[in-house]
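I have placed the structure first, in the form of structure tokens, so that the comments after it can refer back to it.
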Amino acid sequence: MIQMKDISKTYENGTVALERVNVEIGKGEFVFIVGASGAGKSTFIRLLFREVLPSSGTLIVNGHDVVNMPKSEVPYLRRGLGVVFQDYRLLPDKTVAENVAFAMQVIEAPRRRMQHSVNAVLDIVGLRDKYKNFPSQLSGGEQQRVAIARAIVNNPALVIADEPTGNLDPETSWEIMDIFKRINASGTTIVMATHDKYIVDTMKRRVIAIEDGKIVRDEAQGVYGYEN
Ligand code: ADP
Ligand code: ADP
């Protein structure tokens, strides 16, 4: 699903965010990216959906050559991915159902299939009864559920999440993690940057630790490994 080879990223101001990173992530894996603030986690995550371009190296994501693809191919890369952020990033003037449907309008899905898919993913995240609510009428955990529904509505092969529980209390965080677990169990690859030691230590999934832009640890059933 992801092949990252000798990837380095130096930002315009000279900051080296990643240095010669090599990693392969297979289809169906659930991978945590951990590390201190400023280690390079977000840069790693943002490379995957081409929000930033590497300075050197090669990167294949879901069959797309992310580094050398023409700009016109970027939408095809992103259609195969779902992205979830710490701050939800919902459209405030659209309802729950409209927020989710919007991701499908972008791919010009037929109306009937769109309604069916929106209902189905709202069922998965447990929010079907709130389809008419606006984001401001939802708790943080509910807003993140909408963001997850939006991320999976096009049935992506890969879901990328950057600190998805960063603004949530522990109980709500577990509810969100249960949804990610179910999505993964259905075959979707998940790559998640997180600071949540308890979640990482309890889930016993693959852990990739980044320090100063380098991978310092990659364990199949890893632990968080830092003090919180
Ligand atoms: P993390 O997600 O682990 O906190 P980041 O990938 O956000 O780490 O940042 C890695 C390094 O790159 C940090 O030193 C950060 O300040 C720097 N950085 C991140 N984004 C930019 C940017 N747009 N311009 C310059 N430096 C950046
Ligand atoms: P939390 O305490 O978990 O942050 P809230 O107090 O924000 O949750 O919301 C509790 C419940 O009330 C949620 O199910 C939310 O959807 C609903 N709710 C909150 N504000 C509104 C509102 N303005 N209109 C309709 N429902 C709301």
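The sequence shown begins at 1463 in this note's numbering and counts up one residue at a time.
A virtual CB, placed ideally from N, CA and C, is assigned to each residue, including glycine.
Would you call residue i buried or exposed, if buried means 16 or more other Cβ atoms sit within 10 Å of its Cβ?
i: A1623; result: buried
i: K1533; result: exposed
i: R1540; result: buried
i: S1635; result: buried
i: Q1683; result: exposed
i: G1502; result: buried
i: G1649; result: exposed
i: I1569; result: exposed
i: M1647; result: The sequence as given places Ala at residue 1647; Met does not occur at that position. A1647 should be labelled exposed.
i: S1579; result: buried
i: P1597; result: buried
i: A1498; result: exposed
i: N1548; result: Residue identity differs from the one stated: residue 1548 is Gln in this sequence, not Asn. Flag for Q1548 reads buried.
Measuring only from the beta carbon, is residue i closer than 7 Å to any heavy atom that is part of ligand 1?
i: T1505; result: yes
i: S1470; result: no
i: Y1538; result: no
i: A1501; result: yes
i: D1479; result: Checking the sequence shown, residue 1479 turns out to be Ala, not Asp. The answer is yes for A1479.
i: G1684; result: no
i: G1497; result: yes
i: N1475; result: yes
The beta strand (DSSP E) spanning residue i covers which residue range?
i: F1547; result: 1543 to 1547
i: A1611; result: No beta strand (DSSP E) contains A1611, which is instead part of the alpha helix (DSSP H) from 1602 to 1614.
i: Q1465; result: 1464 to 1472
i: V1485; result: 1478 to 1487
i: E1673; result: 1668 to 1673
i: D1591; result: That residue, D1591, is in no beta strand (DSSP E); it is neither H nor E in DSSP.
Thinking C-alpha only, which one of the options is nearest residue i?
i: E1689; options: I1469, D1591, V1558, K1659; result: K1659
i: D1555; options: A1479, D1549, F1564; result: F1564
i: V1478; options: D1674, R1590, G1525, M1576; result: D1674
i: I1696; options: T1505, K1471, I1670, Q1605; result: Residue numbering for the chain in the displayed model covers 1463 to 1690; residue 1696 lies beyond these limits and cannot be assessed.
i: D1640; options: I1569, G1519, R1573, I1610; result: I1610
i: L1600; options: D1468, H1578, L1553, N1646; result: L1553
i: R1667; options: V1685, T1656, N1616, F1511; result: V1685
i: V1483; options: E1681, D1527, G1687, I1672; result: I1672
i: E1486; options: V1662, L1515, V1583, K1467; result: K1467
i: G1525; options: N1561, S1517, E1570, F1511; result: F1511
i: E1560; options: F1547, Y1550, I1569, Q1577; result: Q1577
i: D1680; options: F1494, I1469, G1476; result: F1494
i: P1626; options: G1490, F1642, V1615; result: F1642
i: I1492; options: Q1548, V1678, V1669; result: A quick correction: the sequence has Phe, not Ile, at residue 1492. It is V1669.
How would you write the range of the alpha helix (DSSP H) that residue i sits in, first residue to last?
i: L1521; result: No alpha helix (DSSP H) holds L1521; the beta strand (DSSP E) holding it covers 1518 to 1523.
i: A1682; result: First-last for A1682: undefined, no H or E at that position.
i: A1571; result: Per DSSP, A1571 belongs to no alpha helix (DSSP H) and is neither H nor E.
i: T1634; result: 1632 to 1647
i: R1508; result: 1503 to 1510
i: D1555; result: First-last for D1555: undefined, no H or E at that position.
i: D1663; result: 1659 to 1665
For my contact list, residue i and residue j are in at a C-beta cut-off of 8 Å; report their separation, rounded to the angstrom.
i: A1613; j: V1545; result: 6 Å
i: L1630; j: V1653; result: Contact doesn't hold; Cβ gap of about 19 Å is too wide.
i: R1607; j: L1589; result: 5 Å
i: S1470; j: G1519; result: 6 Å
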